[in-house]
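Chains as they are written, first to last, in numbering that gives the first Met the number 0: chain P, 0 to 219; chain W, 0 to 219. From the three backbone atoms N, C-alpha and C, an ideal C-beta is built for every residue, glycine too. All of these numbers come straight from a predicted model, not from anything done at the bench. Some notes on the structure that comes next.
2 protein chains.
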Amino acid sequence: MKTRDRIVAAALALFNEQGEARVTTNHIAAHLGISPGNLYYHFRNKSDIVRCIFADYSAHLRRSFVPVAGAASASPALWLHYLDAVFYVMWEFRFLYANLNDILQRDAQLHRQYLELQRELEGNLQILLQELNTQQVLMIPGEDIAILAQNLKMLVSCWVSYQQVQLPNVQISQAMLYEGVVSVLFLLKPYFHANKGPELSQLLEHYRVLAAASGDPFHK
Amino acid sequence: MKTRDRIVAAALALFNEQGEARVTTNHIAAHLGISPGNLYYHFRNKSDIVRCIFADYSAHLRRSFVPVAGAASASPALWLHYLDAVFYVMWEFRFLYANLNDILQRDAQLHRQYLELQRELEGNLQILLQELNTQQVLMIPGEDIAILAQNLKMLVSCWVSYQQVQLPNVQISQAMLYEGVVSVLFLLKPYFHANKGPELSQLLEHYRVLAAASGDPFHK
Numbered sequence: 000m001k002t003r004d005r006i007v008a009a010a011l012a013l014f015n016e017q018g019e020a021r022v023t024t025n026h027i028a029a030h031l032g033i034s035p036g037n038l039y040y041h042f043r044n045k046s047d048i049v050r051c052i053f054a055d056y057s058a059h060l061r062r063s064f065v066p067v068a069g070a071a072s073a074s075p076a077l078w079l080h081y082l083d084a085v086f087y088v089m090w091e092f093r094f095l096y097a098n099l100n101d102i103l104q105r106d107a108q109l110h111r112q113y114l115e116l117q118r119e120l121e122g123n124l125q126i127l128l129q130e131l132n133t134q135q136v137l138m139i140p141g142e143d144i145a146i147l148a149q150n151l152k153m154l155v156s157c158w159v160s161y162q163q164v165q166l167p168n169v170q171i172s173q174a175m176l177y178e179g180v181v182s183v184l185f186l187l188k189p190y191f192h193a194n195k196g197p198e199l200s201q202l203l204e205h206y207r208v209l210a211a212a213s214g215d216p217f218h219k
Numbered sequence: 000m001k002t003r004d005r006i007v008a009a010a011l012a013l014f015n016e017q018g019e020a021r022v023t024t025n026h027i028a029a030h031l032g033i034s035p036g037n038l039y040y041h042f043r044n045k046s047d048i049v050r051c052i053f054a055d056y057s058a059h060l061r062r063s064f065v066p067v068a069g070a071a072s073a074s075p076a077l078w079l080h081y082l083d084a085v086f087y088v089m090w091e092f093r094f095l096y097a098n099l100n101d102i103l104q105r106d107a108q109l110h111r112q113y114l115e116l117q118r119e120l121e122g123n124l125q126i127l128l129q130e131l132n133t134q135q136v137l138m139i140p141g142e143d144i145a146i147l148a149q150n151l152k153m154l155v156s157c158w159v160s161y162q163q164v165q166l167p168n169v170q171i172s173q174a175m176l177y178e179g180v181v182s183v184l185f186l187l188k189p190y191f192h193a194n195k196g197p198e199l200s201q202l203l204e205h206y207r208v209l210a211a212a213s214g215d216p217f218h219k
């Protein structure tokens, strides 16, 4: 791995473990066993590293939430794909969700990029919900799609920081984030077409099991 | 008004206008035209004032969300009462919602009180939803009441800080918070009994009008 990539990976790991505010460029350099000068050769400052991580975050979200049209949009496999992607970004970039307001307030350029990404994702989410209506998986009154998409986006955006307030002194765990995925499904539950009940139950059960697990399934 | 009460009122107003982090005890004293010494006679420090405001906040919430049993729970007037109370606390104590994580992280005692209050409110909300089921206003599957109550509580808790991220450089307005009330109703909408449609529409319309108003209806 190139030094630049190693710096980004180490920063992400340290931010997630200790919170972005507590980690300095010196910590990151020390963690990698490189000199601060070597780090500064690649990045001007910590904000620069955060922006680089944010670019990965955006790319990941853009790749994962491409709306699928037609019958394929109704496949249970696609639901798993989307919901796993929700979990993945919450977990992999949890430092961002944990401290979003502070991080964005410090960096106007990042904030603009964030809002652009949000608008794009909300648009895609609306297209997806519309498509699931067409495929008779969901039955959302047309005029409610926009506000439902907004509520879903808000739930995902706020989940990590809300859990931190509700469970102080508890480390963010994967189980905690799977509970967020269950809540996302729960927001959609009333709109599921009656004959999709079994599929919904299976999905809910799948994520409830993961939410109840105390372990760390990805990193065992 | 007693000096102590004037200090609390001035602090609340300044916190709401400028954000709690930016306001010092010196600002509060200067704003009231009293000496810092006089302020310190009443409060040891800013945390002391925040705790005092938090006590008002708690008392208000406890008074406003007493569950009502029987037919009375189904009256549209009660819905207005509860939803207005949601708006009122979000507006009146918006500095708290804007910066909850930071404020609570700094003060373990306050955090404990906050969590106790949250547990109490969530319990009351569950009782209320149960009662609205019994009165056939809502039709929530029994096993879904807990998670619905949780989602409602989360929405209200996160609304202000979420709006701040989505709309940077925009002052928190009453219209913005009425939109939060509309979202609360929207979460409940799929559970309304079919014959309660007209009542729900009226409620939604009432708060949508307030959310669309650009003015400041309370303080004109």
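Val164 of chain W belongs to the set of residues whose beta carbon lies under 8 Å from a beta carbon in chain P. Taking CB atoms only, Met153 of chain P has a neighbour in chain W less than 8 Å away. Per DSSP, the beta bridge partners of Leu137 of chain W are W:Phe191. The beta carbons of Asn132 of chain W and Leu186 of chain W sit no closer together than 8 Å. Residue environment analysis places Lys188 of chain W among the buried positions, since at least 16 neighbouring C-beta atoms fall within 10 angstroms of its C-beta.
Between the alpha carbons of Ala174 of chain W and Val88 of chain W lies a distance of about 14 Å. DSSP places Ser63 of chain P inside the alpha helix (DSSP H), whose first and last residues are Lys45 to Ser63. According to the DSSP assignment, Asp106 of chain P belongs to no alpha helix (DSSP H), since it is labelled neither H nor E. If you compare the alpha carbons of W:Leu184, W:Leu99, W:Ala12 and W:Ile52 with that of Leu114 of chain W, the shortest gap goes to W:Leu99. Interface annotation, His205 of chain P: not in contact with chain W, CB-CB separation never under 8 Å.
Between Leu147 of chain P and Ser156 of chain P, the alpha-carbon positions lie close to 14 Å from each other. Secondary structure of Gly18 of chain P (DSSP, three-state): coil. Look at the beta carbons and you see the region 100 to 108 of chain W not touching the region 65 to 83 of chain W: under three pairs across the two are nearer than 8 Å. With fewer than three CB-CB distances shorter than 8 Å, the region 162 to 170 of chain P does not count as touching the region 44 to 54 of chain P. Within the region 166 to 199 of chain W, contact with chain P at the beta-carbon level (separation under 8 Å) is assigned to Pro167, Val181, Ser182, Phe185, Leu186, Lys188, Pro189 and Tyr190. Listed along the chain, the chain W residues whose CB falls inside 7 Å of the CB of Ser156 of chain P are Tyr161.
Taking the CA atoms as reference points, Glu16 of chain P sits about 48 Å from Gln135 of chain W.
Burial check for His80 of chain P: the Cβ neighbour count within 10 Å stays below 16, so the residue is exposed.
Within 7 Å of the CB of Asn100 of chain W, the CB atoms of chain P belong to Ser160, Gln163 and Val164, in sequence order along the chain.
When secondary structure is reduced to three states using DSSP, Met89 of chain W falls in the helix class. As the crow flies, the alpha-carbon of Asn25 of chain W is around 22 Å from that of Arg93 of chain W.
Phe86 of chain P and Gln201 of chain W have their alpha carbons spaced roughly 37 Å apart.
Where Thr24 of chain W is concerned, the enclosing alpha helix (DSSP H) starts and stops at Thr24 to Leu31. The alpha-carbon separation between Ala8 of chain P and Leu137 of chain W amounts to approximately 49 Å. Looking at the backbone, the Cα of Val67 of chain W and that of Asp143 of chain W are separated by about 21 Å. The CB of Leu103 of chain W comes closer than 9 Å to the CB of Val164 and Pro167 in chain P, given here in chain order. Taking 8 Å as the cut-off between beta carbons, the residues of the region 124 to 146 of chain W near chain P are Asp143 and Ile146, in sequence order. The continuous alpha helix (DSSP H) containing Ala211 of chain P extends over residues Gly196 to Ala211.
For Ala9 of chain W, the secondary structure class from DSSP, reduced to helix, strand or coil, is helix.
Around the beta carbon of Tyr161 of chain P, a 10 Å sphere encloses 16 or more other beta carbons of the protein chains shown; the residue is thus reported as buried.
Across the structure, Leu82 of chain P and Leu31 of chain W are spaced so that their CA atoms are roughly 53 Å apart. Collapsing the DSSP output to three states places Leu147 of chain W in a helix.
When rounded, the separation of the alpha-carbon atoms in Val65 of chain W and Asn123 of chain W is 7 Å. Excluding sequence positions up to five before and after Tyr177 of chain P, its CB lies within less than 7 Å of the CB of Phe86, Tyr206, Leu209 and Ala210, all in the same chain and listed in chain order. Residues of the same chain with a CB within less than 7 Å of the CB of Val180 of chain W, apart from the 5 flanking positions on each side, are Leu82, Val85, Phe86 and Tyr206 in chain order.
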